[in-house]
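Notes for the one structure printed next.
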Amino acid sequence: MVARELVSGHLPLVRSGGRTAAPSQSGYGADMTNRTRWATDTGPEHSQWYVNRFRQLAAEGADLAGEARLLDTLVPPASRILDAGCGTGRVGAELAARGHTVVGVDADPVLIDAARADHPAPRWLVADLAELDLAAAGESEPFDAAVLAGNVMAFVAAGTERQVLSRVAAHLRPDGVVAVGFGTDRGYPLTDFDADAIGAGLRLEHRFATWDLRPWRDDADFAVTILRRPT
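Everything in the sequence shown is counted per UniProt numbering, starting at 1 for the first residue and increasing by one.
Structure representation (C-alpha coordinates):
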(Lines of atoms letter the chains of each structure in order from A and count residues from 1; the text may use other names and numbers.)
(Lines give C-alpha, C1' and ligand atoms only; values in the text may rest on other atoms or scores of the structure.)
Protein backbone atom coordinates (compact mmCIF):
# COMPACT_ATOMS: atom_id res chain seq x y z
CA MET A 1 0.00 0.00 0.00
CA VAL A 2 2.33 2.64 -1.17
CA ALA A 3 2.34 5.77 -3.25
CA ARG A 4 2.65 4.64 -6.86
CA GLU A 5 3.09 7.98 -8.56
CA LEU A 6 5.70 10.60 -9.22
CA VAL A 7 4.24 13.95 -8.32
CA SER A 8 5.23 17.41 -9.43
CA GLY A 9 1.77 18.49 -10.41
CA HIS A 10 0.99 15.50 -12.58
CA LEU A 11 3.86 13.25 -13.65
CA PRO A 12 3.44 9.72 -15.04
CA LEU A 13 2.32 6.89 -12.86
CA VAL A 14 4.94 4.36 -11.85
CA ARG A 15 3.49 1.06 -13.00
CA SER A 16 4.13 -2.17 -11.17
CA GLY A 17 5.45 -4.00 -14.22
CA GLY A 18 4.79 -7.74 -14.39
CA ARG A 19 1.59 -8.73 -12.67
CA THR A 20 2.78 -11.87 -10.91
CA ALA A 21 1.60 -13.14 -7.56
CA ALA A 22 4.14 -12.50 -4.82
CA PRO A 23 5.04 -15.44 -2.56
CA SER A 24 5.10 -15.06 1.22
CA GLN A 25 8.77 -14.10 1.13
CA SER A 26 7.99 -10.83 -0.67
CA GLY A 27 8.34 -8.85 2.53
CA TYR A 28 4.91 -9.38 4.08
CA GLY A 29 4.30 -11.16 7.33
CA ALA A 30 2.64 -14.51 6.77
CA ASP A 31 0.08 -13.74 9.49
CA MET A 32 -1.43 -10.72 7.70
CA THR A 33 -5.19 -11.25 7.63
CA ASN A 34 -5.75 -9.32 4.40
CA ARG A 35 -3.37 -9.92 1.49
CA THR A 36 -3.05 -6.54 -0.19
CA ARG A 37 -3.03 -6.27 -3.96
CA TRP A 38 0.47 -4.79 -3.66
CA ALA A 39 1.50 -8.20 -2.26
CA THR A 40 -0.48 -10.39 -4.64
CA ASP A 41 -0.07 -8.44 -7.88
CA THR A 42 3.68 -7.79 -7.84
CA GLY A 43 6.69 -10.09 -7.75
CA PRO A 44 8.94 -10.47 -4.69
CA GLU A 45 11.63 -8.28 -6.26
CA HIS A 46 9.33 -5.33 -6.88
CA SER A 47 9.56 -3.76 -3.42
CA GLN A 48 13.33 -3.32 -3.66
CA TRP A 49 12.99 -2.05 -7.24
CA TYR A 50 10.54 0.53 -5.95
CA VAL A 51 12.92 1.60 -3.18
CA ASN A 52 15.80 1.94 -5.64
CA ARG A 53 13.66 3.85 -8.13
CA PHE A 54 12.65 6.54 -5.67
CA ARG A 55 16.16 6.84 -4.27
CA GLN A 56 17.38 7.42 -7.82
CA LEU A 57 14.71 10.03 -8.48
CA ALA A 58 15.57 11.86 -5.26
CA ALA A 59 19.26 11.80 -6.16
CA GLU A 60 18.42 13.27 -9.57
CA GLY A 61 16.55 16.14 -7.94
CA ALA A 62 13.05 15.10 -9.02
CA ASP A 63 10.22 17.00 -7.35
CA LEU A 64 8.49 14.36 -5.23
CA ALA A 65 6.77 16.69 -2.78
CA GLY A 66 3.47 17.45 -4.52
CA GLU A 67 1.24 15.60 -2.07
CA ALA A 68 3.04 17.04 0.94
CA ARG A 69 2.72 20.58 -0.37
CA LEU A 70 -1.03 20.21 -0.71
CA LEU A 71 -1.56 18.64 2.69
CA ASP A 72 0.64 21.27 4.32
CA THR A 73 -1.81 23.93 3.11
CA LEU A 74 -4.77 22.08 4.64
CA VAL A 75 -3.53 21.82 8.23
CA PRO A 76 -2.24 24.19 10.93
CA PRO A 77 1.48 24.39 11.66
CA ALA A 78 2.92 21.54 13.74
CA SER A 79 0.01 19.22 12.98
CA ARG A 80 -0.04 15.51 13.71
CA ILE A 81 -0.30 13.61 10.41
CA LEU A 82 -0.87 9.96 9.52
CA ASP A 83 0.88 8.85 6.32
CA ALA A 84 -1.30 5.85 5.52
CA GLY A 85 0.37 3.57 2.99
CA CYS A 86 3.60 5.52 3.41
CA GLY A 87 5.83 3.35 1.22
CA THR A 88 9.41 4.63 1.28
CA GLY A 89 8.39 7.65 3.33
CA ARG A 90 8.83 10.41 0.78
CA VAL A 91 5.55 12.19 1.62
CA GLY A 92 5.81 11.82 5.38
CA ALA A 93 9.44 12.91 5.38
CA GLU A 94 8.61 16.11 3.52
CA LEU A 95 5.77 16.83 5.94
CA ALA A 96 8.12 16.27 8.88
CA ALA A 97 10.60 18.67 7.28
CA ARG A 98 7.79 21.23 7.23
CA GLY A 99 7.39 20.95 10.99
CA HIS A 100 4.66 18.33 11.35
CA THR A 101 4.71 15.22 13.54
CA VAL A 102 4.34 12.22 11.23
CA VAL A 103 3.55 8.57 11.79
CA GLY A 104 3.80 6.44 8.66
CA VAL A 105 2.24 3.01 8.18
CA ASP A 106 2.70 0.45 5.42
CA ALA A 107 2.08 -3.28 5.10
CA ASP A 108 5.40 -3.89 3.32
CA PRO A 109 8.36 -4.13 5.72
CA VAL A 110 10.84 -3.72 2.86
CA LEU A 111 9.46 -0.24 2.24
CA ILE A 112 9.30 0.55 5.95
CA ASP A 113 12.96 -0.46 6.34
CA ALA A 114 13.83 1.96 3.54
CA ALA A 115 11.79 4.75 5.14
CA ARG A 116 13.56 4.23 8.47
CA ALA A 117 16.96 4.23 6.80
CA ASP A 118 16.38 7.27 4.58
CA HIS A 119 14.12 9.38 6.81
CA PRO A 120 14.76 8.68 10.51
CA ALA A 121 12.77 11.61 11.95
CA PRO A 122 9.18 10.29 11.59
CA ARG A 123 7.98 7.05 13.15
CA TRP A 124 7.44 4.26 10.60
CA LEU A 125 5.35 1.18 11.43
CA VAL A 126 4.46 -2.06 9.64
CA ALA A 127 0.68 -2.52 9.75
CA ASP A 128 -2.33 -3.44 7.62
CA LEU A 129 -4.50 -0.37 7.10
CA ALA A 130 -7.63 -2.52 7.19
CA GLU A 131 -6.78 -3.50 10.78
CA LEU A 132 -5.13 -0.27 11.87
CA ASP A 133 -4.93 0.20 15.65
CA LEU A 134 -2.13 2.61 16.44
CA ALA A 135 -3.08 2.85 20.11
CA ALA A 136 -1.63 -0.64 20.46
CA ALA A 137 1.67 0.79 19.20
CA GLY A 138 1.61 3.66 21.69
CA GLU A 139 0.09 6.20 19.27
CA SER A 140 -3.18 6.98 21.05
CA GLU A 141 -3.28 10.72 20.30
CA PRO A 142 -5.64 11.47 17.38
CA PHE A 143 -4.31 12.86 14.12
CA ASP A 144 -5.16 16.21 12.57
CA ALA A 145 -4.91 14.78 9.06
CA ALA A 146 -4.16 11.68 7.03
CA VAL A 147 -2.78 11.26 3.54
CA LEU A 148 -3.18 8.23 1.26
CA ALA A 149 -0.97 9.17 -1.66
CA GLY A 150 -0.46 7.59 -5.06
CA ASN A 151 -2.60 4.51 -5.52
CA VAL A 152 -2.86 3.30 -1.93
CA MET A 153 -6.60 2.69 -2.24
CA ALA A 154 -6.08 0.66 -5.40
CA PHE A 155 -3.56 -1.63 -3.69
CA VAL A 156 -5.36 -2.52 -0.46
CA ALA A 157 -6.94 -5.97 -0.31
CA ALA A 158 -10.02 -6.19 -2.52
CA GLY A 159 -13.17 -5.68 -0.50
CA THR A 160 -11.44 -3.88 2.39
CA GLU A 161 -11.62 -0.36 0.97
CA ARG A 162 -14.41 0.84 3.26
CA GLN A 163 -12.75 -0.82 6.24
CA VAL A 164 -9.47 0.96 5.42
CA LEU A 165 -11.20 4.33 5.26
CA SER A 166 -13.07 3.56 8.49
CA ARG A 167 -9.85 2.71 10.32
CA VAL A 168 -8.15 5.85 9.03
CA ALA A 169 -11.16 7.97 10.06
CA ALA A 170 -11.13 6.39 13.51
CA HIS A 171 -7.62 7.77 14.07
CA LEU A 172 -8.60 11.36 13.23
CA ARG A 173 -9.77 14.04 15.60
CA PRO A 174 -13.20 15.54 14.84
CA ASP A 175 -12.86 17.90 11.86
CA GLY A 176 -9.69 16.07 10.77
CA VAL A 177 -8.93 16.04 7.05
CA VAL A 178 -8.01 13.18 4.70
CA ALA A 179 -6.35 13.59 1.29
CA VAL A 180 -6.62 10.59 -1.03
CA GLY A 181 -5.22 10.21 -4.54
CA PHE A 182 -5.41 7.31 -7.00
CA GLY A 183 -5.75 6.57 -10.70
CA THR A 184 -9.27 6.28 -12.01
CA ASP A 185 -8.24 3.32 -14.19
CA ARG A 186 -7.04 1.14 -11.30
CA GLY A 187 -10.16 -1.00 -10.89
CA TYR A 188 -11.69 1.00 -8.04
CA PRO A 189 -14.46 3.23 -9.45
CA LEU A 190 -14.90 6.67 -7.93
CA THR A 191 -18.56 5.90 -7.31
CA ASP A 192 -17.46 3.01 -5.09
CA PHE A 193 -14.87 5.17 -3.37
CA ASP A 194 -17.41 7.91 -2.65
CA ALA A 195 -19.85 5.37 -1.20
CA ASP A 196 -17.08 3.83 0.91
CA ALA A 197 -15.98 7.23 2.19
CA ILE A 198 -19.53 8.12 3.22
CA GLY A 199 -19.93 4.69 4.79
CA ALA A 200 -16.74 5.31 6.75
CA GLY A 201 -18.23 8.47 8.21
CA LEU A 202 -16.28 10.93 6.06
CA ARG A 203 -17.61 13.94 4.17
CA LEU A 204 -16.51 14.80 0.62
CA GLU A 205 -15.27 18.40 0.42
CA HIS A 206 -13.27 18.78 -2.80
CA ARG A 207 -12.03 16.83 -5.80
CA PHE A 208 -9.20 17.71 -8.19
CA ALA A 209 -7.49 16.04 -11.14
CA THR A 210 -3.96 16.39 -9.72
CA TRP A 211 -2.17 17.15 -6.49
CA ASP A 212 -1.47 20.68 -7.76
CA LEU A 213 -5.22 21.30 -7.90
CA ARG A 214 -6.00 21.13 -11.58
CA PRO A 215 -9.79 21.23 -11.92
CA TRP A 216 -11.64 17.95 -11.82
CA ARG A 217 -13.04 16.58 -15.09
CA ASP A 218 -15.12 13.46 -15.54
CA ASP A 219 -12.55 12.10 -18.01
CA ALA A 220 -9.56 12.72 -15.70
CA ASP A 221 -7.28 9.72 -15.22
CA PHE A 222 -6.38 10.65 -11.64
CA ALA A 223 -8.49 11.86 -8.72
CA VAL A 224 -7.40 13.73 -5.61
CA THR A 225 -10.21 13.85 -3.07
CA ILE A 226 -10.31 15.88 0.14
CA LEU A 227 -12.46 14.34 2.86
CA ARG A 228 -13.24 15.46 6.38
CA ARG A 229 -14.39 13.74 9.54
CA PRO A 230 -17.43 15.67 10.77
CA THR A 231 -17.34 17.29 14.19
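We treat Cβ as the ideally placed atom computed from N, Cα and C, and that holds for glycine.
Taken in chain order, the whole alpha helix (DSSP H) runs of length 4 or more contained in the stretch 173 to 199 are 190 to 199.
Contact check for R80 against D144 passes: the beta carbons are separated by less than 8 Å. Nearest to H171 by C-alpha distance, out of R186, T36 and G104, is G104. Runs of the alpha helix (DSSP H) spanning 4 or more residues and lying entirely within the stretch 67 to 113 occur at 90 to 97, in chain order. Bounds of the beta strand (DSSP E) holding V126 are R123 to V126. Taking the Cα positions, G199 is about 17 Å away from A146. Apart from the 5 residues on each side of it in sequence, A130 sits with its Cβ closer than 8 Å to the Cβ of T33, N34, V156, A157, T160, Q163, V164 and R167 in its chain, given in chain order. In its chain, beyond the 5 residues on either side, A68, I81 and V102 have a beta carbon closer than 6 Å to the beta carbon of L95. Beyond the five residues adjoining it in sequence on each side, A78 comes within less than 6 Å, by CB distance, of G99 in the same chain, given in chain order. If you draw a straight line from the Cα of P174 to the Cα of P76, it comes to about 14 Å. Distance from D118 to G89 at the Cβ level is roughly 6 Å; contact confirmed, criterion being Cβ atoms closer than 8 Å. Going by DSSP, A146 is part of no alpha helix (DSSP H) but of the beta strand (DSSP E) stretching over F143 to L148. Distances from the CA of V178 to each of G201, R186 and T191 were compared; the closest alpha carbon is that of G201. In this structure, P142 sits away from G87, with a CB-CB distance that is not shorter than 8 Å.
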